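Enquirer:
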């Protein structure tokens, strides 16, 4: 069977969404997640803007993605998407995007695995955003290496710093979702299964890579900030030189006039 994972927004208004869904469907609220039973499909909706569909048809998937739009906070321009395979058997295992569960009615095991899947697709959003920010700033580094200066006006540099700072702060504010979910404080017996899915999806390695890219963003801050400071210093030096020159000219003129 096939499962689908989406990230469509920065976050969802989960409580309001639950009020709407439970009028027609079976729902249950967990920490940071909402479970919903849609016909033969099971869906886990996470407050961080991610949805995990288990055994969902296209109609059910498209219908729910449309229904949640009013509950999206800061929708993404383009939703990120992934898929996985799952089945039932013994023992429970996770290997190369294929998931085997012993009990088809074990909602908590599906929730645990959904946490890892949601983290993975959220990471994909962060990875693409940071990569885009770094690539857009690559020309700055290249020009600095070749010309010794940044080929942008002061206003453009200020905007670029603002863009980089916004990306970095947005990711830092939401990065707690990439840690081990607080759900396991109350359900420690399910944490080994979460570790399996997190290892299979390289959550830890990808998070470390993301942090290194955030450090690159910080270095770009420093480069652009130093460039602005250099330009301000150069401008002040020219003003001071101009004032000294004016004073010299004024002094020479007064000397000859007297």
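Residue numbers (our numbering): 859 to 1116. Note that beta-carbon positions come from the ideal geometry of N, C-alpha and C, so glycine has one too. Please read these numbers as outputs of a predicted model, since none were measured by experiment.
Terminal residues of the continuous beta strand (DSSP E) containing residue 804?
Expert: Missing from the structure shown is residue 804; the chain here goes from 859 to 1116 and no further.
Enquirer: Would you mind reading off the limits of the alpha helix (DSSP H) that contains residue 1055?
Expert: First-last of the alpha helix (DSSP H) with residue 1055: 1049 to 1058.
Enquirer: Looking only at its own chain, which residues have a Cβ that is under 7 Å from the Cβ of residue 887, when we skip the five neighbours before and after it?
Expert: These residues qualify, in order along the chain: 876.
Enquirer: Here's the rule: buried if 16 or more other CB atoms are within 10 angstroms of the residue's CB, otherwise exposed. What is residue 938?
Expert: Answer is buried; the Cβ neighbour count reaches 16.
Enquirer: By Cβ distance, which residues of its chain are closer than 6 Å to residue 1061, with the 5 residues on each side in sequence left out?
Expert: The residues are 977.
Enquirer: With distances taken from CA atoms, which of 996, 1057 and 885 is nearest residue 903?
Expert: Here the closest residue by C-alpha is 885.
Enquirer: Would you please state the rounded distance, in angstroms, between the beta carbons of residue 899 and residue 915? I believe it to be under 8 Å.
Expert: Right, their Cβ atoms sit about 7 Å apart.
Enquirer: Distance, Cα to Cα, residue 861 vs residue 965?
Expert: Residue 861 and residue 965: Cα-Cα distance of roughly 15 Å.
Enquirer: Just the Cα atoms here: how many angstroms apart are residue 1064 and residue 879?
Expert: Going from the Cα of residue 1064 to the Cα of residue 879 covers about 34 Å.
Enquirer: Quick check: is any heavy atom of the ligand NAP less than 8 Å from the C-beta of residue 871?
Expert: Looking at this structure, you won't find the ligand NAP or any other ligand, since it has none at all.
Enquirer: Would you mind working out which of 1025, 913 and 1004 sits nearest residue 868, comparing C-alpha positions?
Expert: Checking every option, the nearest Cα to that of residue 868 belongs to 1025.
Enquirer: What are the partner residues of residue 983, as DSSP defines its beta bridges?
Expert: Beta-bridge pairing links residue 983 to no other residue.
Enquirer: Jot down the residue ranges of each uninterrupted beta strand (DSSP E) in the region 861 to 937, minimum 3 residues, whole runs only, in chain order.
Expert: Counting whole runs of 3 or more residues, the region 861 to 937 contains the beta strand (DSSP E) stretches 884 to 888, 891 to 896, 899 to 904 and 908 to 912.
Enquirer: If you follow the beta strand (DSSP E) that residue 953 is part of, which residue opens it and which one closes it?
Expert: Taken as a continuous stretch (DSSP letters only), the beta strand (DSSP E) holding residue 953 covers 951 to 953.
Enquirer: Cutting at 8 Å between CB atoms, please list the residues of its own chain near residue 874, excluding the five before and the five after it.
Expert: Cβ within range, chain order: 929.
Enquirer: For residue 936 and residue 973, I'd like the C-alpha separation in whole angstroms.
Expert: So the alpha carbons of these two residues sit roughly 21 Å apart.
Enquirer: Please determine, among 1050, 927 and 896, the residue with the shortest C-alpha to C-alpha distance to residue 865.
Expert: Here the closest residue by C-alpha is 927.
Enquirer: With distance defined between alpha-carbon atoms, name the residue in 1003, 1044 and 1023 nearest to residue 992.
Expert: Here the closest residue by C-alpha is 1023.
Enquirer: In terms of alpha-carbon separation, which member of 970, 893, 946 and 983 lies closest to residue 1044?
Expert: When only C-alpha atoms are compared, the closest one is 970.
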